[in-house]
Structures are given as structure tokens and as C-alpha cells.
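Novice: Input: one structure, supplied below.
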Amino acid sequence: MPAPTMSHMIATSALIMLILTMQVFYFYVVDNIGEEMTRRELKEIADYVSDTLANLYFLVKSTNHPNVTLKKTLSLPTEIADSSYRIQILKNDTDDSAQSVLAFLENKSWLNANSWLLPGLKVQGSVDQILINGSTILAGCRQVSGNTYVWLAYE
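In my numbering, the protein residues as written are 952 to 1106.
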């Protein structure tokens, strides 16, 4: 008599363990999918800002004036994955040349995306990072005596 009872107990406990294990793996997969979607949204934003700065650069270089300033209002989402985010122009510390645009979440800075900028641009402005919180953001490009500077600022 104890053999059927024992086999039922073993099968029941194995089934309970299987259900608990599946939940852990399910939430792990769901979190990875959410992070990947967020990373793709951040990549789209970084590419958009980088392309906007490149377009401004080409427009500045196509003019015949030595001192030109162009600005463009960026249309960015106010939040990503229910979180605010920041955009930063990364620069080389030795000569202030702009290297790339970095977009990252405010509360999860390890969740980020990067987009390269054109060579020859320099960073202008004291604002290191721009917090996207619903305010209007400007991207700008300025040519001053042969040097081309880019920046991000609040309007």
C-alpha cells in the first residue's frame, strides 16, 4: 500500500517544482524581451539625434558664410519603458571632438544605446547630459572660423 502513495507524492512534488521552475524562466525571458525592446528604442533615438546632427553639419558646410549657426527642434518621446531617459554627446577628453551620441535610461544606466557621429565635429556647451522630461530639446551646429561645433540644449 505505501508504494502508490509514495509515487503519488513524488509525482506531485515534481509537478510543483516544475511549475515553479517554469515561472522563474518565464519571467527571465520576459525581462530579456523587455530590455531588448527598450534597447532598440534607445538605439532609434540615438540614431535620430546623430542623423540630425549630421544633417545640420552638412547644411552648415554647404553655406558660404564663415560663421553660421543652425538649430533644430528634436521630436523625442517623453519616456521609454515608463522611465525617463538621457541623451549625451560623448567626446574625446583631449581635444573635445564629438565621438558618438549615447541614450540611456535614467534609472538603469547600463541599458543604453550608442550611435556614431561624423568625424571632425567638436562638442560645444557646458551641458553634459540632457534629461528628456517633456521639455523641448534643440540640436545645434555652429561653424566658427573653420571649426564645427555641435550641441544639445533645452529651448
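Positions of the beta carbon are idealized from the N, C-alpha and C atoms, including for glycine.
Count the other CB atoms within 10 Å of the CB of isoleucine 984; is the residue buried (16 or more) or exposed (fewer)?
Specialist: exposed
Novice: Tell me whether glycine 1097 sits in a helix, a strand or coil according to DSSP, three-state version.
Specialist: coil
Novice: On a CA-only basis, which of Gly1097, Thr1024 and Thr1014 is nearest tyrosine 1105? Give me that one, please.
Specialist: Thr1024
Novice: If you draw a straight line from the C-alpha of glycine 1085 to the C-alpha of isoleucine 961, how long is it?
Specialist: 57 Å
Novice: Rounded C-beta distance between threonine 1099 and lysine 1073? I'm assuming under 8 Å.
Specialist: 7 Å
Novice: With distance defined between alpha-carbon atoms, name the residue in Leu1021, Thr1020, Ala1049 and Arg1037 nearest to proline 1028.
Specialist: Arg1037
Novice: Give a yes or no on whether 8 Å exceeds the smallest Cβ distance from alanine 962 to chain C.
Specialist: The displayed structure is made up of one protein chain only, and chain C is not part of it.
Novice: Name the two residues that bound the continuous beta strand (DSSP E) containing tryptophan 1067.
Specialist: 1063 to 1067
Novice: For tryptophan 1102, which option in Ser1026, Ser1013, Ala1064 and Val1000 has the closest C-alpha, if you only look at C-alpha atoms?
Specialist: Val1000
Novice: Per the DSSP calculation, arginine 991 is bridged to which residue(s)?
Specialist: DSSP lists no bridge partner for arginine 991.
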